[in-house]
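Novice: Next up is a structure, given as structure tokens.
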Amino acid sequence: MRNASRHEDGFTLGETLIAVALTLIVLSAAVETMGRSMSLANSSRVISATNHGLQAAMSLMVRDVMQTGQGIPLGGIPLPNGAGALTVFRPGPAAGFTFDAGTAALPAILPGNGLGPNMLGADTDLLTILYADRTLNLSQNPLAAIAADGSTMTVNALTPINGVGGIRAGDLILFSNAQGNAIQMATADPVGQVVTFAANDPMRVNQRTAPEGTLMNLSDGAGNFPPTTATRILMVTYFVDTVTDPQLPRLVRRVNMGNRLAIAMGVENIQITFDLVDGVTNPTNVDVPTGGNSANQIRKANLFLLARSQDVDRQTGEFFRNSMETQVGLRSLSFVDRYR
Numbered sequence: 033m034r035n036a037s038r039h040e041d042g043f044t045l046g047e048t049l050i051a052v053a054l055t056l057i058v059l060s061a062a063v064e065t066m067g068r069s070m071s072l073a074n075s076s077r078v079i080s081a082t083n084h085g086l087q088a089a090m091s092l093m094v095r096d097v098m099q100t101g102q103g104i105p106l107g108g109i110p111l112p113n114g115a116g117a118l119t120v121f122r123p124g125p126a127a128g129f130t131f132d133a134g135t136a137a138l139p140a141i142l143p144g145n146g147l148g149p150n151m152l153g154a155d156t157d158l159l160t161i162l163y164a165d166r167t168l169n170l171s172q173n174p175l176a177a178i179a180a181d182g183s184t185m186t187v188n189a190l191t192p193i194n195g196v197g198g199i200r201a202g203d204l205i206l207f208s209n210a211q212g213n214a215i216q217m218a219t220a221d222p223v224g225q226v227v228t229f230a231a232n233d234p235m236r237v238n239q240r241t242a243p244e245g246t247l248m249n250l251s252d253g254a255g256n257f258p259p260t261t262a263t264r265i266l267m268v269t270y271f272v273d274t275v276t277d278p279q280l281p282r283l284v285r286r287v288n289m290g291n292r293l294a295i296a297m298g299v300e301n302i303q304i305t306f307d308l309v310d311g312v313t314n315p316t317n318v319d320v321p322t323g324g325n326s327a328n329q330i331r332k333a334n335l336f337l338l339a340r341s342q343d344v345d346r347q348t349g350e351f352f353r354n355s356m357e358t359q360v361g362l363r364s365l366s367f368v369d370r371y372r
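Start counting the sequence shown at 33; every next residue gets the next number (the working numbering).
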């Protein structure tokens with residue numbers, strides 16, 4: 033006799049629905065947790081990259097500013113000036129930047145208040161500094177010769193100027209002798225020990241026909257130069273570049289009139305003020321020396337950088353922004369031998 037009732041193992045429809053619902057809840061929580069973790073990781077990466085870029089840029093600026101004035105004559109370096117002289121080009125965000133007309137000497141540190149591009153409703157600053165490049169000791173021996181018209185110099189055979197670290201086209205050379213100081217730009221790599229200074233240099237400092245501030249002022253007027261030493265000078269300029277990529281501003285370090293080297297991406301503002309020592313009021317946080325003061329009295333630079341992330345923060349849907357500021361004493365300008 034057959035049993036009319038059969039027992040079948042398994043889940044009822046209700047049990048299955050409950051299990052599916054619980055599984056979906058667990059999966060949803062897991063997916064949400066993973067999404068939050070990925071978002072936090074993205075935020076951490078964005079913040080870390082931005083802060084690292086700021087720190088690297090500020091460290092490089094501080095290193096340069098600390099060297100400001102090393103090997104630079106007191107009062108700065110003469111520039112070609114006088115009747116008929118052309119204004120000298122200054123490295124900057126755009127072509128055609130020049131130093132102020134009639135500038136007779138270039139100080140070791142030159143402010144550029146508001147000369148950079150406008151970002152976030154504010155004009156950014158530009159900074160130019162000068163210091164001797166000690167990696168090439170040109171001044172260890174007097175020059176062997178200077179052409180009567182100042183178009184070439186022959187470096188002492190004891191001073192190697194070729195190969196790695198040697199003189200290259202675009203280098204700035206400071207000449208010094210008993211007559212004073214002058215600057216020229218090399219327009220070609222050396223041929224042996226001879227360096228050429230053509231008249232069409234990118235900065236227009238090789239204006240030897242100008243009445244004042246040229247290499248010819250260091251001669252006796254007949255093309256004869258007393259014992260003269262040479263020093264390679266670095267002119268370092270910092271500014272915000274919005275030309276290379278308008279969507280991603282960057283802080284640029286430019287040596288002489290060379291290529292623009294991006295040292296930090298996303299930098300939207302650079303502001304620089306100065307502390308001066310004039311023996312009377314000693315102004316602080318000055319944008320541009322005024323009222324009888326000059327850049328030669330600058331003794332401290334106050335640096336401020338503002339940067340944003342390259343990517344949008346997924347948590348906020350906006351760029352992450354941070355700023356950094358510091359103060360740098362100009363040691364080479366602060367300690368002067370007053371009895372020299």
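Every residue, glycine too, gets a C-beta built ideally from N, C-alpha and C.
Distance, Cα to Cα, G108 vs G298?
Specialist: 34 Å
Novice: What are the boundary residues of the beta strand (DSSP E) that I302 is part of?
Specialist: Start and end: V299 to L308.
Novice: Could you tell me which uninterrupted beta strand (DSSP E) segments, each at least 3 residues in length, are contained entirely in the stretch 201-225, listed from first to last along the chain?
Specialist: Taking only runs of at least 3 residues, the beta strand (DSSP E) segments lying wholly in the stretch 201-225 are 204-209 and 212-217.
Novice: So T156 is in the beta strand (DSSP E); what residue range does that whole segment cover?
Specialist: Bounds of any beta strand (DSSP E) do not take in T156, whose DSSP letter is neither H nor E.
Novice: Cutting at 7 Å between CB atoms, please list the residues of its own chain near G146, excluding the five before and the five after it.
Specialist: D155 and D157
Novice: Measuring CA to CA, which of R285, A262 and N150 is closest to T184?
Specialist: A262
Novice: Here's the rule I'm using: 16 or more other beta-carbon atoms within 10 Å means buried, otherwise exposed. How should T322 be labelled?
Specialist: By the Cβ neighbour-count rule, T322 is exposed, with fewer than 16 other Cβ atoms within 10 Å of its own.
Novice: Return the first residue and the last residue of the beta strand (DSSP E) that G361 is part of.
Specialist: E350 to G361
Novice: Give the single residue among V223, D277, T48 and G212 whose Cα lies nearest to the Cα of M248.
Specialist: G212
Novice: Shortest alpha-carbon distance to T260 belongs to which of S171, A127, S91 and G46?
Specialist: S171
Novice: Would you check if the distance between the CB atom of I104 and the CB atom of V268 is smaller than 8 Å?
Specialist: no
Novice: From N173, P110 and G198, pick the residue whose C-alpha is nearest to that of A189; which is it?
Specialist: N173
Novice: Roughly how many whole angstroms lie between the Cα atoms of A409 and G101?
Specialist: Because residue 409 is not part of the residues shown, which for the chain are 33 to 372, the question remains open.
Novice: In this structure, does DSSP put I109 in helix, strand or coil?
Specialist: strand
Novice: Expressed to the nearest angstrom, what Euclidean distance is found between the alpha-carbon atoms of V344 and V284?
Specialist: 22 Å
Novice: Kindly list the residues whose CB is nearer than 6 Å to the CB of T167, restricted to its own chain and excluding five residues on each side of it in sequence; keep chain order.
Specialist: G197
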